[in-house]
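Everything on this sheet refers to the single structure shown next.
Encoded structure:
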């Protein structure tokens, strides 16, 4: 089996009038299944653009993107939606939960679009909430939950479809440091259980939780190092 | 794409979150549909009433009036100038093969006095044939007879409404005496209720006495001419045109009209009056229903307005749904079904409200009301159509959002 993510000569170019601006260029990158990768870089370095393309929310202007051996660079909106549903779990900086909707229903959302029957859906959503330690908050609305709890609900939503890849965009950006550590612990646990996790952060101590650190600058990967993660797998 | 049931569940959830707004939006549809149902039901009621009153009258009835129904400005309308003589009437009764019977009708509004009350009603002088022609049976007691006619008997049959007003409801007036113009008149029978005629006049508010009695007691009439109109029954409904021809020929001959002279009388069949009245009612109904339809469309614009606001407000929700795998078609269906549900719920409430208001109005003003299933189905279909038509644009707008932009929306 090949790499989970394989980018070749990837570029994203924005056109404004006559001038072109390359948000990403010449990105060549492979990420294996089960890896724990941090993407860092200053703002404007292209890390958000890279995340959007990795997450199949956006398509590259040039180059190829193989996700689980499938070329997703030229897919239609409809096919991209299916790929997002089946292959990717998203975690956002601002949680992006549906307001006035219970935690359980939020977690069920991807399963609705995966056409999982209701009874199955409830069971799996409950299991996912249990996994992030929030089974007792299943009926609460996001406004009744703390930031850390909301992010846990979002993580439960990301893993409920059992996707091979979880993408997290600044998952600790809106959280205090103690809560940030909890969230990183949770992500580490998920990685230990076999999921591939790629996250964006600009904080070095958060990036330190990853086993591999990519640094972007001006739309290109300038550094790619393996490192000893803060929480090593218990042997 | 996910199932319609799932989409409907999500739509209902969203509508419930904004109860007041959903209600106000649906209100436009509710008022539109209620107006359509109310107008059409009352219009249908009027039509049915006309039809049944005509059927009650008899489909083979012809009315004969003195004077010309049409003519250059100088001439009066029918009945304005008496031209038909009692001799003419007798000739019609006896000489024409297509005519079954003919009865004159003299009328006068008079106060009628019973022991307990006084009631001003229509006093009608006529012959026994009148009740046969009008297909109007006696409910209790007996009818007027030829001997009543011959002896100018002071006997009367009374209509339901007049009886109730003179003697109180539930009291049998047969055998009672009333005074009309100081003459004591004995009630010998009560007519079956006939209801309103095509013009909305209560036909049961009348008391009938023999023509001869009317002429001696009430008014002498105009000597050789028959005042008022004459009711004639043809042998059958199909025989009406032939009977009218025969009547016209006979009268033209008797009145010695030259080939270039206009008729100095006119005939009209109940069927003609029915179709005229029905057409008028239909025109009114169509007019009112079109106005109501306009309000339904205005309601639809309200739906579109709110759906557009809703799409903007929920941009981030749309982004989240797209990120976790919603197809553009799922988003389209979600908003379309929300609009459809708003309109359909509004439609159902509107139908119930329309029927309710219609019945209230009908009871208040003594109209009749007929709610037709096909009109109800049509209103529901139109309101659902309005929901789809006006929901489509906002829903398409939602489905075309870029997920990245939508997720970033504050």
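Protein chains in written order, with the numbering used here: chain U, 249 to 483; chain F, 48 to 457. Cβ atoms here follow ideal geometry from the backbone N, Cα and C, with glycine treated the same way. All of these numbers come straight from a predicted model, not from anything done at the bench.
Item, Value
"Does residue 305 of chain U have its Cβ less than 8 Å from a Cβ in chain F?", "yes"
"What does the Cβ neighbour count give for residue 269 of chain U, buried or exposed, with the cut at 16 atoms within 10 Å?", "exposed"
"For residue 183 of chain F, which three-state DSSP category applies?", "coil"
"Quick check on residue 352 of chain F: does DSSP put it in helix, strand or coil?", "helix"
"With a 10 Å radius around its C-beta and 16 neighbouring C-beta atoms as the bar for buried, classify residue 156 of chain F as buried or exposed.", "exposed"
"Below 8 Å between beta carbons: does that hold for residue 187 of chain F and residue 146 of chain F?", "no"
"Look up residue 414 of chain F in the DSSP assignment and say whether it is helix, strand or coil.", "coil"
"Taking the alpha-carbon positions, what's the residue 413 of chain F to residue 242 of chain F distance?", "11 Å"
"What does residue 358 of chain U reach in chain F if we use C-beta pairs closer than 8 Å?", "371 and 372"
"Quick one: which chain U residues come within Cβ less than 7 Å of residue 64 of chain F?", "348"
"Which stretch, first to last residue, makes up the beta strand (DSSP E) that contains residue 230 of chain F?", "230 to 238"
"Please work out which residues of its chain come closer than 6 Å, Cβ to Cβ, to residue 432 of chain U, disregarding the five sequence neighbours upstream and downstream, and give them in chain order.", "457"
"Is the Cβ of residue 384 of chain F closer than 8 Å to any Cβ of chain U?", "no"
"Whose Cβ in chain U lies nearer than 7 Å to the Cβ of residue 44 of chain F?", "Lying outside 48 to 457, the shown extent of chain F, residue 44 of chain F is not represented and no answer is given."
"For residue 375 of chain F, which residues in chain U fall below 9 Å Cβ to Cβ?", "325, 326 and 329"
"With 8 Å set as the bound, which would you pick, yes or no: does the beta-carbon of residue 49 of chain F sit closer than that to a beta-carbon of chain U?", "yes"
"Quick one: give me the first and last residue of the alpha helix (DSSP H) that residue 369 of chain F is part of.", "362 to 370"
"Evaluate the contact criterion for the segment 170 to 182 of chain F versus the segment 298 to 312 of chain F: three or more CB pairs, one atom per stretch, below 8 Å.", "no"
"Would you mind telling me which residues of chain U sit closer than 7 Å to residue 364 of chain F, beta carbon to beta carbon, in chain order?", "346"
"Whose Cβ in chain F lies nearer than 7 Å to the Cβ of residue 300 of chain U?", "451"
"Round the Cβ separation of residue 367 of chain F and residue 344 of chain U to the nearest angstrom and send it over; I've been treating them as touching at under 8 Å.", "5 Å"
"In the segment 277 to 336 of chain U, which residue ranges form an unbroken beta strand (DSSP E) of at least 3 residues, counting only runs that do not cross its ends?", "284 to 288 and 310 to 315"
"Quick one: complete alpha helix (DSSP H) runs, 4+ long, within the segment 366 to 408 of chain U?", "366 to 379 and 395 to 407"
"Residue 353 of chain F touches chain U at which residues, Cβ-Cβ below 8 Å?", "Per Cβ cutoff of 8 Å: no residues; residue 353 of chain F is ~18 Å from chain U at best."
"Is it the case that the Cβ atoms of residue 225 of chain F and residue 232 of chain F are separated by a distance below 8 Å?", "yes"
"State the DSSP-derived secondary structure class of residue 116 of chain F, mapped to helix, strand or coil.", "The pLDDT assigned to residue 116 of chain F is 47, lower than 50, so where the model puts this residue is not dependable, and the model offers no usable value."
"By a C-beta neighbour count over all protein chains shown, 10 Å radius and 16 as the cutoff for buried, is residue 358 of chain F buried or exposed?", "buried"
"Taking the Cβ atom as the reference point for each residue, do residue 392 of chain F and residue 73 of chain F lie within a distance shorter than 8 Å?", "yes"
"Spatial neighbours of residue 85 of chain F within its chain, please: CB distance less than 6 Å, with the 5 preceding and 5 following residues excluded, ordered by chain position.", "401, 404 and 405"
"What are the residues of the segment 421 to 454 of chain F that lie near chain U, defined by any Cβ-Cβ distance shorter than 8 Å?", "450, 451 and 454"
"Can you have a look at residue 404 of chain U and say buried or exposed, based on whether 16 or more other CB atoms are within 10 angstroms of its CB?", "buried"
"Have a look at F:430, F:93 and F:68 and flag the residue whose alpha-carbon is nearest the alpha-carbon of residue 331 of chain F.", "F:93"
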